[in-house]
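Take a look at the structure set out below.
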Amino acid sequence: MSSFKLSIISGCIFLSCCDVQAQNPLIRDQFTADPTARVFGDRIYVFPSHDILAREGKGRPGWFCMEDYHVFSSDNLTEWTDHGMIVTQNEVPWVRPNSYSMWAPDCIYRNGKYYFYFPTSAADTVAYGRGFNIGVAVASHPEGPYTAQPSPIKGVKGIDPNVFIDKDGQAYLYWSQGDIFGAKLKDNMLELDGEVKTLGELPTKGLKEGPFLFERNGIYYMTYPHVENKIERLEYAIGNNPLGPFKFSGVIMDESPTGCWTNHHSILPFKEQWYLFYHHNDYSPSFDKARSIRADSLSFNDDGTIRKVIPTLRGIGITQANSQIQIDRYSEKSAEGATIAFLDTANKFAGWMAILDQPNAWFKYNTVQFTKPVKKLIIKAKAATAGTIVIRSGSSNGPVIAEINIPAGNEWKEISKNISRPPSGIQHLVMQLKGSGKVDTDWIKFE
28 MSSFKLSIIS
38 GCIFLSCCDV
48 QAQNPLIRDQ
58 FTADPTARVF
68 GDRIYVFPSH
78 DILAREGKGR
88 PGWFCMEDYH
98 VFSSDNLTEW
108 TDHGMIVTQN
118 EVPWVRPNSY
128 SMWAPDCIYR
138 NGKYYFYFPT
148 SAADTVAYGR
158 GFNIGVAVAS
168 HPEGPYTAQP
178 SPIKGVKGID
188 PNVFIDKDGQ
198 AYLYWSQGDI
208 FGAKLKDNML
218 ELDGEVKTLG
228 ELPTKGLKEG
238 PFLFERNGIY
248 YMTYPHVENK
258 IERLEYAIGN
268 NPLGPFKFSG
278 VIMDESPTGC
288 WTNHHSILPF
298 KEQWYLFYHH
308 NDYSPSFDKA
318 RSIRADSLSF
328 NDDGTIRKVI
338 PTLRGIGITQ
348 ANSQIQIDRY
358 SEKSAEGATI
368 AFLDTANKFA
378 GWMAILDQPN
388 AWFKYNTVQF
398 TKPVKKLIIK
408 AKAATAGTIV
418 IRSGSSNGPV
428 IAEINIPAGN
438 EWKEISKNIS
448 RPPSGIQHLV
458 MQLKGSGKVD
468 TDWIKFE
């Protein structure tokens, strides 16, 4: 169960969730997409778009529908605070009312201010043209409140804004509209400073969008989603200048194995580890316009090329042993007898359960921190036929931490078992079915 807080922004009150326990997806109480992650101080902030389900009179049914933006933050990559809504469509002076087109954003810090960039459609098509424009909202704190500028950035038409500040202090804006474009920004971060350049060295076949540029060891990485075949994969090109030329260098993440049409990402280091933030349609497997943000670790080869990231359910961060450990967000599992399913198909945000139904079938969950001695294991489970769950350390043949009997029944029960030899430090846990039976598990935790 998450705790809640009230946020007051622009005179409105919003109920926002704080300290959400998360693996993948990171945010587990609403749809989120297009995550731009930034490090401000000792916290990582994620600025995603906010998918909602369109209906007649509210967006275009069957299509992307977004009306506002939230910002989330964490200092440990596990507990995420929702700071509430920071920008909404009908409070931006130039935006077409009820356009539901608040697509992928970005945010950057400069000179004591936070500049939030977002694309949407304008009400005045004579002044700003048809299609998407890119606006800016400014705040003194990353969580807001943000004040939207009265007009969009002049000379920019498109979506997916991305801002990069080079080591010499020069800021650049990137965006997409068929191609990917880039231009310098003035010091005020609100106006272009010079000509717009088409970054034409990138692949010409298929849709390209969602640019995200970063620099590492003197190499500039232009990363972007690209439809090489039917759906998007994440690719990158490298160069020695923020505006290129760039040379295509490889694939960061392959196409979604379940067919989610879009992907959108950001890449950054946090506490000496690089991460890829991206999205998938975990909570909406039959409708890929309702997405959820994820993150996985990313690494580089010695020559600076990026190693391909394989998406995981376990995701990132260290899980505390005294929190609810969601075994369904596993690191590995046995080939047979271990599956996951939604707890409630009518309310998918309730999450998943881990199902074991063959002898010795198992799930492995990595990186659990035992900071103090524990005395018992608690499991929330139910069993269609009675079964015995064994919790091990390390592997399916590792030392036994606890063995607990789950009686037959259709109701969820919290069952505890004392532990004689408590683990310590960081452990990889394995949950295994001993003998026959069928056991569904919501979570485990230690006290």
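Note that our numbering has the sequence shown beginning at 28, numbered continuously upward.
Glycine included, every Cβ here is placed at the ideal spot set by N, Cα and C.
Specify the secondary structure class of residue i as computed by DSSP and reduced to three states.
| i | result |
| --- | --- |
| A377 | helix |
| V163 | strand |
| K461 | strand |
| F118 | One detail in the question is off: residue 118 reads as Glu in this sequence, not Phe. E118: helix per DSSP, three-state reduction. |
| A154 | helix |
| Y144 | strand |
| T59 | coil |
| V336 | coil |
| M28 | Only weak support is given to the placement of M28: the predicted model assigns it a pLDDT of 32, under 50, and the value that follows is read from those uncertain coordinates. In the structure shown, M28 sits in coil (DSSP, three-state: anything other than H, G, I, E or B). |
| Q50 | coil |
| Y168 | Inspection of the sequence shows that residue 168 is occupied by His rather than by Tyr. Coil, per DSSP. |
| G288 | The question names Gly, but residue 288 is Trp in the sequence shown. Three-state DSSP puts W288 in coil, outside helix and strand. |
| I471 | strand |
| M280 | strand |
| V190 | strand |
| H455 | strand |
| L229 | coil |
| F208 | strand |
| C45 | Reliability fails at C45, whose pLDDT of 47 lies under 50, so the model's placement of it is uncertain and the value that follows must be treated cautiously. Three-state DSSP puts C45 in a strand. |
| Q300 | strand |
| E222 | coil |
| R260 | strand |
| V395 | strand |
| S37 | Any reading at S37 must be qualified, since the residue scores a pLDDT of 32, below 50, and its modelled position is unreliable; no value is offered. |
| G266 | strand |
| R341 | coil |
| K360 | strand |
| I135 | strand |
| V401 | coil |
| V466 | strand |
| G245 | coil |
| W107 | strand |
| A541 | Nothing can be reported for residue 541, as the shown portion of the chain is limited to 28 through 474. |
| G436 | strand |
| A408 | strand |
| G330 | The sequence given here places Asp at residue 330; Gly does not occur at that position. Residue state, collapsed to three classes: coil. |
| Q351 | coil |
| E255 | coil |
| T174 | strand |
Which whole-angstrom value is the C-beta distance of residue i and residue j, which I expect to be below 8 Å?
| i | j | result |
| --- | --- | --- |
| Y251 | E228 | About 12 Å; that fails the 8 Å criterion. |
| I258 | S283 | 6 Å |
| K354 | L404 | Checking the displayed sequence, the identity of residue 354 turns out to be Ile instead of Lys. That pair is no contact at about 12 Å. |
| F67 | P169 | 5 Å |
| K391 | E430 | Not really, about 17 Å apart at Cβ, beyond 8 Å. |
| K409 | K444 | K409 to K444, Cβ: 16 Å. No contact. |
For residue i, is the classification buried or exposed, using 16 other Cβ atoms within 10 angstroms of its Cβ as the cut-off for buried?
| i | result |
| --- | --- |
| N290 | buried |
| L460 | buried |
| A356 | The identity of residue 356 in the sequence shown is Arg, whereas the question assumes Ala. Buried. |
| S319 | buried |
| T372 | exposed |
| P238 | buried |
| Q50 | buried |
| S463 | exposed |
| T231 | exposed |
| S100 | buried |
| S34 | Model confidence at S34 stands at a pLDDT of 34, short of 50, so the residue's coordinates are unreliable; what they give is reported in the following sentence. Buried, since its Cβ has 16 or more Cβ neighbours within 10 Å. |
| P450 | buried |
| T59 | buried |
| R419 | buried |
| T152 | exposed |
| F314 | exposed |
| S324 | exposed |
| M28 | Per-residue confidence for M28 stands at a pLDDT of 32, beneath the threshold of 50, marking its modelled position as unreliable; no derived number is given. |
| R321 | buried |
| Q116 | buried |
| T63 | buried |
| I428 | buried |
| D195 | exposed |
TODO: Could you tell me whether the segment 241-251 touches the segment 308-324, where touching means 3 or more Cβ pairs closer than 8 Å?
DONE: no
| Just checking, does the segment 392-411 make contact with the segment 438-456 on the three C-beta pairs under 8 Å criterion? | yes
Stretch pair the segment 332-351 + the segment 94-106: three plus CB contacts closer than 8 Å | yes
Between the segment 267-278 and the segment 330-340, do three or more beta carbon pairs fall short of 8 Å? yes
Legend entry - Contact between the segment 105-122 and the segment 151-171 (3+ Cβ pairs under 8 Å): Cβ pair count under 8 Å is three or more, so yes.
Return the chain-ordered ranges of every beta strand (DSSP E) run that is complete within the segment 59-97 and spans a minimum of 3 residues. List check, beta strand (DSSP E) in window: 60-67, 70-76.
(request) Determine, using beta-carbon pairs with one atom in the segment 364-371 and one in the segment 380-390, whether at least three such pairs fall under 8 Å. (result) With a cut-off of 8 Å, the segment 380-390 and the segment 364-371 count as touching, because enough Cβ pairs lie within range.
Query raised in the report: Any contact of the segment 73-81 with the segment 122-138, i.e. 3+ C-beta pairs under 8 Å?
Result: yes
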